[in-house]
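To start, the structure under review is shown below, and the notes come after it.
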Amino acid sequence: MSFLITATVAYLIYLVLTIGGSAVLLWNRAELVIGAVCAVAAGALLKNRFIGKNLRMLNPARWFAFLVYLFPFFFAMAKANIDVAYRVITGRINPAIVKINPNLKNDLSLTILANSITLTPGTLSVDVDEKTNELYVHWINIDPKVLKDMPRDYHPICDSFPDWARRIAE
Amino acid sequence: MSKIVRTVANQLMLFVLVFGLYVIMHGHVTPGGGFQGGAVIASGVVMLIVAFGSGQIKKSLRERRLSLVESSGALLFILVAFAGIGTVFFYNFLVGSRIFGGIPPTGSNPGDVWTGGVIPLMNLGVGLKVIAGLSAAVLALALFSSGEEME
Amino acid sequence: MGVLNTISYVFIGIGLFFNLVGVIGLHRFPDMYTRLHAATKCTTFGSIFIITAVIVQSAGIWALEGAYPSQSVMCIHAVLALVALLVTNATGAHAMARAAHRSGEKPAKAVVDDLQEKEND
Amino acid sequence: MTDVTALIIILPLAMIACAVFVAICRDLLYAVVVLAVMSLLLAFQFYLLKAPDVAMAEAGVGAAVTTAIFIISIRATERKE
Amino acid sequence: MTWLPVIIVMLVCIGIAVARVFIGPGAPTRLVAFDTINTLVVTSLVILAMMFDHVIFVDVAIVYALLSFAMTLYVAKYIQGDKF
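Protein chains in written order, with this note's numbering: chain A, 1 to 170; chain B, 1001 to 1151; chain C, 2001 to 2121; chain D, 3001 to 3081; chain E, 4001 to 4084.
And the structure:
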């Protein structure tokens, strides 16, 4: 099963790379044959690495959620960049490293959350606890309200990204 | 490295492998070829070595398999070269035949992969040899520096 | 083509501004983590806009000239380069920050450092 | 071709500066990082001279594998010269 | 569409980042500047492919975007002091 999925994904990547021959729809006939051979080789080599035993990502609703997620993500990214540009020009910073616990269990969802945090509002994921999945986040301009209680509230740091990550990959 | 780097390296390796195969198989119509594509895939293996540690990678990439891949690459190259010996050594005997023997189209086009005769097969041989050679060199160095031996 | 050219110029202006801000932030900030903020975020965001301008131009030519398929390769491969750039930049920034903290680099002027407390325990 | 001639002349100056730094630097890790930058600019120069296949080979071998081998060697020996 | 001023501004950016590689205190700062140069070079390669009107040149940019990641990981792993 994992071989089939990996080979299908490899075949799709190969087809996207070779658009333009236009004998069958957009592709040459030869590209289809060579792509099938390459996809079988890639699936046989990488079936354990690419997907492993986790078949949760097969659900199309998750792909749709990922596509919808790109829009709030892009807006947050634009906001973050304007904020960083303001701090570059004025030089006003107030940094700290805080620990948050987003309650994610999956590796893939944690990866999506950490990469989103790295690219959005003034934060940068520094370290991850391998056992408890807690993230350590470097924050360029800290909110004093967060510092009061010890299990930190993650909403000011990454407002609804953990919910999105849970919806996509768990 | 951390869990995030390991996950991303696993997912990215598929893209690197497919892209390297694309560069190898299109060596006669695009920039690239056997050496370049093989270097791309070998760099993917180098990325896996740094993400997982050489001890983990040693379990899935054994020395015997790497030497088998390297020898089969050299053997493919030599066999294709000898197959045209009826006329002359390295003769391009596939021109006009049904495998890789298409006529190149004229005008502006992105390039037809079904041309070139024996050149794509030779590129494949060179690519297999480069993949096995470069990744074996880096894997042996990494194993040596972390105090293990290569079987 | 007039509208497409205008869109491309606007995108290129935004992209060059953010690239310049990122590179200047590399010199203005005091320590490694804040430099990483400026470098990674601003250059990635600027690169997104510049590559999008290229994609808009090539897609315009592709749509105009129809049967001329060569610009399609440009469009698709630029999108793939953009995706590869996004994934590798985010992960590389995380790896660099982790390595710097483990090597003992302290965040300058930091208010709280939870990770340091964890390592001290 | 004439519009990129200035770039083709300017880029080697930066590469020469990188090479001088590599030659006089006493810390081998810094030397390796600057050598990677020089390799990057060299590939850019090949690209400007319209030799993309050489640039791709430089990317694969000169950038990734060479840096990996140098870094592993420094880990096995000493960092300071 | 003229792309030459864009390329010149990108090269100025690369020059400023190279200066940070030369003067930067400590290895992590140099690594950050190096990663910035990677991103800027990939963007410049895409622009040059559009400027030369040789569409197939974009492959080099994809190769660079993928492989510079391995370089960054190696130097980072050395700095944090692990064995390979």
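Note that CB positions come from ideal geometry on N, CA and C, so glycine has one too.
Keep in mind that this is a model prediction, so the values were computed, not measured.
If we ignore side chains and look at the alpha-carbon of each, how far apart do residue i and residue j end up?
| i | j | result |
| --- | --- | --- |
| Val-2079 of chain C | Thr-1115 of chain B | 28 Å |
| Thr-1087 of chain B | Leu-1094 of chain B | 12 Å |
| Met-3001 of chain D | Ile-3010 of chain D | Confidence at Met-3001 of chain D is low in this model, with a pLDDT of 49, below 50, so the placement of that residue should be treated as unreliable; the coordinate-derived value is given next. Each residue's Cα considered, the two are about 15 Å apart. |
| Phe-3070 of chain D | Gly-3062 of chain D | 11 Å |
| Tyr-3030 of chain D | Phe-3021 of chain D | 9 Å |
| Ile-1099 of chain B | Gly-1117 of chain B | 7 Å |
| Ala-3055 of chain D | Leu-104 of chain A | 42 Å |
| Met-4010 of chain E | Val-3037 of chain D | 16 Å |
| Val-1008 of chain B | Asn-2089 of chain C | 11 Å |
| Leu-2085 of chain C | Val-4063 of chain E | 10 Å |
| His-2094 of chain C | Met-1001 of chain B | 10 Å |
| Ile-3074 of chain D | Lys-3050 of chain D | 35 Å |
| Ala-1081 of chain B | Glu-1070 of chain B | 17 Å |
| Leu-3007 of chain D | Leu-3042 of chain D | 13 Å |
| Asn-94 of chain A | Pro-2030 of chain C | 12 Å |
| Asn-1010 of chain B | Ile-1085 of chain B | 44 Å |
| Ala-165 of chain A | Thr-2006 of chain C | 37 Å |
| Ala-7 of chain A | Gly-2060 of chain C | 33 Å |
| Leu-4014 of chain E | Ala-41 of chain A | According to the sequence displayed, residue 4014 of chain E carries Ile and not Leu. About 40 Å. |
| Leu-1143 of chain B | Arg-1006 of chain B | 19 Å |
| Cys-3018 of chain D | Ser-3039 of chain D | 10 Å |
| Asn-59 of chain A | Leu-4 of chain A | 15 Å |
| Ala-4065 of chain E | Thr-2040 of chain C | 14 Å |
| Asp-143 of chain A | Gly-122 of chain A | 11 Å |
Do residue j and residue i come within 8 Å of each other at the CB atom, strictly closer than that value?
| i | j | result |
| --- | --- | --- |
| Ala-2038 of chain C | Leu-2020 of chain C | no |
| Ala-169 of chain A | Ile-100 of chain A | no |
| Val-88 of chain A | Ile-2012 of chain C | no |
| Arg-1946 of chain C | Gly-91 of chain A | There is no way to answer for residue 1946 of chain C, as the model of chain C reaches only from 2001 to 2121. |
| Cys-2075 of chain C | Ser-2103 of chain C | no |
| Ile-1057 of chain B | Leu-1048 of chain B | yes |
| Val-2073 of chain C | Val-4042 of chain E | no |
| Leu-124 of chain A | Pro-102 of chain A | no |
| Phe-161 of chain A | Ser-116 of chain A | yes |
| Asn-81 of chain A | Phe-2018 of chain C | yes |
| Leu-4073 of chain E | Ala-1051 of chain B | yes |
| Val-1023 of chain B | Ala-30 of chain A | no |
| Phe-4084 of chain E | Lys-4077 of chain E | yes |
| Leu-1014 of chain B | Ala-78 of chain A | no |
| Thr-3067 of chain D | Val-3034 of chain D | no |
| Gly-1125 of chain B | Gly-1038 of chain B | no |
| Ala-2081 of chain C | Val-4046 of chain E | yes |
| Val-84 of chain A | Trp-139 of chain A | no |
| Ile-1152 of chain B | Thr-2091 of chain C | Any question about residue 1152 of chain B goes unanswered here, given that chain B covers just 1001 to 1151. |
| Ala-3076 of chain D | Met-4071 of chain E | no |
| Ile-4007 of chain E | Met-4051 of chain E | yes |
| Ile-51 of chain A | Ser-109 of chain A | no |
| Gly-1032 of chain B | Asp-4053 of chain E | no |
| Gly-1034 of chain B | Val-1016 of chain B | no |
Can you pull the chain B neighbours of residue i, defined as C-beta to C-beta under 7 Å?
| i | result |
| --- | --- |
| Leu-4045 of chain E | Going along chain B, no residue has its Cβ under 7 Å from Leu-4045 of chain E, so there is no contact; the nearest lies around 12 Å. |
| Arg-2098 of chain C | Ser-1002 |
| Val-2079 of chain C | Residues of chain B passing the Cβ test: none, with the nearest at roughly 13 Å. |
Show which residues of chain B have a CB atom less than 8 Å away from the CB atom of residue i.
| i | result |
| --- | --- |
| Thr-2091 of chain C | Ile-1004, Val-1005 and Val-1008 |
| Val-128 of chain A | Ser-1002, Lys-1003 and Ile-1004 |
Which bits of chain A does residue i rub up against, with CB to CB less than 8 Å?
| i | result |
| --- | --- |
| Gln-1011 of chain B | Phe-50 |
| Val-1046 of chain B | The contacting residues do not exist; Val-1046 of chain B stays about 15 Å from chain A at best. |
| Met-1025 of chain B | Ile-34 and Cys-38 |
Mind pulling the chain A residues with CB within less than 7 Å of residue i?
| i | result |
| --- | --- |
| Val-1113 of chain B | Asn-28, Ala-30, Glu-31 and Ile-34 |
| Ile-2007 of chain C | Simply none; closest approach about 17 Å. |
What residues of chain C sit near residue i, judged by a beta carbon separation below 9 Å?
| i | result |
| --- | --- |
| Val-4041 of chain E | By Cβ distance, chain C contributes nothing, its closest Cβ being about 10 Å from Val-4041 of chain E, past 9 Å. |
Closer than 8 Å by beta-carbon distance: list the chain E residues that pair up with residue i, in chain order.
| i | result |
| --- | --- |
| Pro-1031 of chain B | Ile-4056, Phe-4057, Asp-4059 and Val-4060 |
Quick one: list the residues of chain E neighbouring residue i, beta-carbon separation under 9 Å, in chain order.
| i | result |
| --- | --- |
| Ser-1145 of chain B | Lys-4083 and Phe-4084 |
In chain A, which residues lie less than 9 Å from residue i when you measure between Cβ atoms?
| i | result |
| --- | --- |
| Val-2021 of chain C | Asn-81, Val-84, Ala-85, Val-88 and Ile-89 |
Item to complete: Note down, in chain order, all residues in the segment 2048-2066 of chain C with a beta-carbon under 8 Å from any beta-carbon belonging to chain E.
Response: When CB distances to chain E are screened at a threshold of 8 Å, the residues of the segment 2048-2066 of chain C falling below it are Ile-2050, Ile-2051, Val-2054, Gln-2057 and Ser-2058, in chain order.
Discussion item. Restricting to runs no shorter than 4 residues, where is the alpha helix (DSSP H) found entirely within the segment 3051-3077 of chain D?
Written reply: Qualifying alpha helix (DSSP H) stretches, in chain order: 3052-3057 and 3066-3076.
Worksheet item: Taking Cβ-Cβ distances below 9 Å as the criterion, which residues of the segment 2033-2046 of chain C are in contact with chain A?
Response: Correct list: Tyr-2033, Thr-2034, Leu-2036, His-2037, Ala-2038, Thr-2040, Lys-2041, Cys-2042, Thr-2044, Phe-2045 and Gly-2046.
Worksheet item: Relative to chain B, which residues along the segment 1-21 of chain A have a C-beta separation below 8 Å, given in chain order?
Response: Against chain B - using a Cβ distance shorter than 8 Å - the residues of the segment 1-21 of chain A are Thr-6, Val-9, Ala-10, Ile-13, Tyr-14, Leu-17, Thr-18, Gly-20 and Gly-21.
Worksheet item: Can you list the alpha helix (DSSP H) stretches of 4 or more residues lying completely in the segment 1038-1078 of chain B, in chain order?
Response: The segment 1038-1078 of chain B contains these whole alpha helix (DSSP H) runs: 1054-1060.
Fill in: Cβ-based contacts, 8 Å cut-off: residues of the segment 3045-3065 of chain D near chain E
Listed by position along the chain: Tyr-3047, Leu-3048, Lys-3050, Pro-3052, Ala-3055, Met-3056, Ala-3059, Gly-3060, Ala-3063 and Ala-3064.
Practice prompt. Mind listing, in chain order, the continuous beta strand (DSSP E) runs of no fewer than 3 residues lying wholly within the segment 95-143 of chain A?
Written response: DSSP runs (the beta strand (DSSP E)) wholly in the segment 95-143 of chain A: 96-100, 123-128 and 135-139.
Discussion item. Counting only Cβ-Cβ distances shorter than 8 Å, please list the residues of the segment 4018-4029 of chain E near chain D, keeping chain order.
Written reply: Correct list: Val-4018, Val-4021, Phe-4022 and Ala-4027.
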